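Taking the working numbering, the leading residue of the sequence shown gets 24, the next gets one more, and so forth.
Beta carbons are placed, not taken as given, at the ideal position from N, Cα and C, and that holds for glycine.
Please read all numbers here as calculations on a predicted model, not as lab measurements.
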Amino acid sequence: MDRLLYEKLSNQRNPRFNIITDIVDRDGTKVVIKRPYSSEATAHIHKTYDNYRGLQETLQGSDFCVNETKLVGDTIECEFIQGDCLTSKDSAEYAEAIRKAYMPHAMQFECTPEFVEVFGEVSLPQGVLAAKYIDIDLIFENIIKTNKGWEIIDYEWTFDFPIPINYLLYRARIFGGMVASFAKVPYEEEQVYQQMEEHFQSKYCYKGVKNLSELQAHVAKNNKTAADFTIASRDYQIQKLEELVAKKDVHIRNIEALNAMQTAKYDEIVNSKAYKAIEDFRAFRSFLKGEDTPVRQARRARKEAIKEAKLAAKQRKLAANDEGPKVAVHLHLFYMDLLDEFVEYFSHIPYKFDLYISTTETTDVAAVKAKVRELKQVDVVDVRKLQNRGRDLAPLYVEFASEIMKHDYFLHVHTKKSLYSGSEKMGWRQYCLNLLTGSEEQVNYIFDLFENQNAGLIYPDYYVEIPDIAYSWLANTAQGRELFKQYDLGDMPTVFNYPAGSFFWASTKAFSPLFEHGYTYEDFPEEAGQTDGTLAHALERIVPFIAKKQGFDSFILNADGGQTFKNKSLMPFMNTIHFDKENIIPMLGTYETISFDIFDTLIARTIFNPDDVFTMMGDIIKSKYNVSVDFLQLRKDAEAAAFAKYGALTTIDKIYVEISNDKLIGDFAQDIKKLEGDLETALCIPRQDMVDVYNQLKAMGKRIILVSDMYLNRVQIVGLLRKCGISGYDELLISCEVGLRKDDGSMWDMLMTKYNPNTFIHVGDNFRSDSQLPMERYIPNHIILNANTLLELSDFPYFKQEAGKSLANSIMIGQALSGALFNTPFAFKEDSSLTFRNIYDFGYTVLGPLLTRFTEWIVDENKKNHQRLLLLAREGYMLEKLIKTYCAGMEIQEPDMVYFLTSRRACTVAALENEEDIRELASQKYRGTFSNFLSERFGVALHPNDEDIHLDYDDLPEEFFEKLLEYKDEILARAKQEKNAYMVYIREALVGASDVAVVDVGFSGTIQYFLMKLTGRDIEGHYLALHSNKPVRIGGKADAIFEITDPTLIPKSKILKYQLFLENALAAPYGQLTHFTMEDGKPMPHFKDDDYLSDDVKRLQRGILDYTAHYASVSKYLSDDVRVEPVVVEDIFHDIIANHTLTEDIATALVVEDSYCRDGVQKFDITTGTWKVD
């Protein structure tokens, strides 16, 4: 019996095309069934099957295959396929695959009666090619990558009459997210295809709809089975949730098995004097499990560390013959009933300390003093009644600053019962107190961090009841920015660790700027129940940055296994990190209405700082209009002026009305406005995983709303959405249209008048406007992390500072991160590690910037010297593609360049003339067999009677050279023969060129050196990196982006450390040249049999080329002096690899063979981060 898992009702079309698509479980196998919605659509089902068979035959032998289908009565049954759909990253391969599939069947287009019925009467230019059995819905979401190839899962709109092939590419761009530059559809054809689309949608498929603009309203009006669809999809959602539960099954079973036992023991421990809070509870749980787990090992190690720290502290105390460090404790006593609890914790401090207590005006001071005098270690007791301002921090920085500054270290705690809610949070308070003062051993451990680990601030890690958004600025952004400026703290991060709730130990030296600032109570507002947005909330957040500015580190104590993190912990963000594309969909799918933020949620900009769009415009204005203006400031001032007049209704048009008043650029304000729109379009790309989530929810029949605080108008935003493959939303709410904004809460207030918050959820990236403000209105929400936030959480957050140094850096870094590695919000794995999801992303993010900058440099230099470029094989194959891609994107002429067949083997042997030449060639280091050495270096074979010895040298052994001279005559005869043929080829390649330069990766200019010797002419060299400039020895000239002139710096070179990745990045689909021979009077090349280029390497190279294409499409707007410093791309290349971002699959796919210098294959070891011979 079939069990329904999912149902899609396509009943809003012309009745003869209305069908139902079911996914059912049939004896454990999923089957897709398409059936007519009514008897009118029965013929459509049969026609679809007939066209399936025609499509299957047409595509035979291509990259595409069609999902296996059979006709059962009046229904079609298909295999259920799972896998990854194509994305915009596959655009180039897709375009090529389409042309290869249909070109063998191509014919000149004719407008047949069948065509007119479906697409209308059209007139296309002469010579447009068409084919039968074109599936016009062959877009990315309908193609799944399987082991059979690119498998088509939807072929309903396949037709048996000729349709223009380019119409398919047009639709893939409009509806499927294909990159426009790869579609290559002529403009005049596009206009016709738009007419065809209008007719197909409104006159054929959705009959009775006048035009596409009415289509959405038509669908909404005629969708009579939304409730039925929701019911039918419930099983599907539940099944997805069951899969998610099953995925965590082991963890759940462990929890269930221990739950009852742990609960009883937990209560017993909490109520006992031996209770050591979470630390003891976790130790007991590990004991009950009876396993020597990593957590238990960490706890044991930490206990040993605490004991050692305690012993060391005692020894230091005896050696110094003093009473230890000077310690202060500040307690903000708001609730008198908690005093006993704090006294108990303070009793664990093993040093003499002075106790400073701030309390309310109604507190019995005498009773407080009497209680705290029970503490044996307390010395000074200072209790003061204070006004209720500035929470617990005003008393610290105003009242007791001078007293605490007399000490070495201090503890700050308070008795507040609530944190981010109105309910008592005893668990949170005791969690903090246990980590800071839970035992004498714990306090000794903390003081060891102070005295031996450069600690300036020590505080508890994330507590489960604190929302993750608290680890951002929320309503404190403006005050935080002012404090960062005031204390000169550098760049202000978006997310960060800090002592949330203000429980911490600190060094007074680390906090001296705060104590010395001179705060007064008037700086703080009176307490009125504020939960955010005050000076105290901002000061709470800046303390780690103050400590860092003073030269200290922060240590974060975590109760889970006794871990201590230095300066950064990902624990606050783990709830968000644990989500991925597979489990977020069923979670969101439990709601009826989902609203999405647009920018940085569904769409990303390939520039690091959005304000740099205006910096770009300033550069363009200077170049185009010869006017120097601070356009960034001018644009911001204009927006502020417009907002003052129109508020939330401020549009881009109103902003440019203000700009039109400027004396310098006012006359061409409208041209600049268009430029801003063009740049937004050029810079915007889809966050593909989030678009996939969006589309899945849309397919589940959910109501989708898009919400944005934005000044762009509807036409512009719809255009950006369409470019990014986003359509079919039920509502688009733009602040400048509706006069309401997310960031002031008015948008949320309006939405809650229309939708039930119990069935509504919002998804966005802004912790304040997309989460905190909805949360305050009890609106469910889910934060996803944007690229900049992900960067701050990574191990290379310093790229944020690099991106801020120049416009060029912002473009290069922004595209590298937003385009691939952090294009997905799910970049971090569940264990908090960060690795590339696929080899395409690795090529795009890591190799793309490096090779694009090299390409840019080559083209820039060629504009000056106009040399003929010899792109040396085999790297030249990819370099030629890079140069062509870059020039096409920049819309500039390509250099005069030739793909030049060469290799070390070919040119070095051809250049041999005497014994010294043989010595020079043999002197290059080698590890391997003698036979391989002779073959690879000199092209001769080992003599039958000679032993095939193993060689391993960096410097040529003299005794080995004597043996090599036995082959001298053979070598020189071979060299003479090869030289004659090679010289014919070289002369042909250089015909008509007066100035020539080779282009290669590097690294010593060997081929350039030998080509100069062969030809006797000056040949320059342009390289990515150069460290041993051989051409200089014979008067040659060679330069490089990365040139190392000091040999001692070679081991430190970031490029050279990972240079072998460039072997794969620039691999060619044919073998390495060995030599030339003359055949029939023509030079004939001979190659090694190593012409295989794996699919993985192809995907790697596609990522690199896509990066180049995207970069050039933006850079074309800029002047030639906007160039990134080479060190930036070197750091991207090295640092991201060095931070263990490669997976074993990627490393295995990128092995390197170099038989010239060694036998064997080298593979990258992801554990050690080094290349090893396999």
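Contact check for Ser-833 against Ala-843 fails: the beta carbons are separated by 9 Å or more. Contact between the region 100-117 and the region 157-173 is present, with at least three C-beta pairs closer than 8 Å. When the five nearest sequence neighbours on each side are left out, the beta carbons in the same chain lying within less than 6 Å of the beta carbon of Asn-632 are those of Ser-833, in order along the chain. Shown here, Cys-134 sits in coil according to DSSP, grouped into three states, outside any helix or strand. Beta-bridge partners of Asn-804 (DSSP): His-785. Using a 10 angstroms sphere on the CB of Arg-407, the tally of other CB atoms stays under 16, which defines it as exposed.
Going by C-alpha positions, Leu-774 is about 32 Å away from Tyr-486. A distance below 6 Å between beta-carbons, with the five flanking residues on each side excluded, links Asp-1018 to the following residues of its chain, in chain order: Gln-890. Straight-line measurement puts the Cα of Asn-606 at about 40 Å from the Cα of Thr-638.
Taking a contact as a CB-CB distance under 8 Å, the pair Leu-378 and Trp-528 does not count as one, their CB atoms being some 15 Å apart. Check the Cα spacing between Gly-670 and each of Arg-764, Gln-719 and Lys-999: the tightest is with Arg-764.
Here the C-alpha atom of Leu-1079 lies approximately 10 Å from the C-alpha atom of Gly-1025. Listed as beta-bridge partners of Pro-185 by DSSP are no residues whatsoever.
Annotation note: the region 494-523 contains no uninterrupted beta strand (DSSP E) run of length 3 or greater. As a beta-bridge residue in DSSP terms, Ala-1048 pairs with Phe-1065. Membership of Gly-641 in the alpha helix (DSSP H) is indicated by the continuous run 635-648.
In the three-state scheme derived from DSSP, where H, G and I count as helix and E and B as strand, Cys-101 is classed as strand. Inter-residue distance for Leu-497 and Ala-523 is about 13 Å (C-alpha atoms, whole angstroms).
Between the C-alpha atoms of Arg-897 and Phe-1110 there is a straight-line separation of about 11 Å. The count of Cβ pairs closer than 8 Å, one atom from the region 126-144 and one from the region 175-195, reaches three, so the stretches are in contact. In the three-state reduction of the DSSP assignment, Cys-707 falls in the strand class. Straight-line spacing of the CA atoms in Gly-503 and Phe-1084 works out to 43 Å.
For Tyr-379, the uninterrupted beta strand (DSSP E) run begins and ends at 376-382, by DSSP. Residue burial annotation: Val-421 is buried, with at least 16 other C-beta atoms found within 10 angstroms of its C-beta. Contact check for Glu-549 and Arg-412: beta-carbon distance about 6 Å, within the 8 Å limit, so the pair qualifies. Between the alpha carbons of Ala-929 and Phe-1099 lies a gap of roughly 8 Å. In the same chain as His-1050, and ignoring 5 residues on each side of it, the C-beta atoms closer than 6 Å to its own belong to Phe-1026, Ile-1067 and Ile-1073, in chain order. Contact between the region 558-574 and the region 462-472 is absent: fewer than three C-beta pairs spanning the two stretches fall below 8 Å.
Taking the Cα positions, Phe-851 is about 7 Å away from Thr-858. Boundaries of the beta strand (DSSP E) harbouring Tyr-482: 478-483, taken from the DSSP string.
Beta-bridge annotation (DSSP): Lys-93 is paired with Glu-100. Taking Leu-895 as the centre and dropping the five residues before and after it, the same chain places the C-beta of Phe-923, Thr-925, Val-1021, Val-1022, Asp-1023 and Ile-1030 closer than 7 Å to its C-beta, in chain order.
Following the DSSP letters along the chain, one finds Leu-152 in no alpha helix (DSSP H) but inside the beta strand (DSSP E) bounded by residues 152-154.
Annotation for Gly-951: the continuous beta strand (DSSP E) segment containing it runs 949-952. For Gln-1124, the enclosing alpha helix (DSSP H) has its first and last residue at 1118-1138. Here DSSP, grouped into helix, strand and coil, assigns Gln-1185 to strand.
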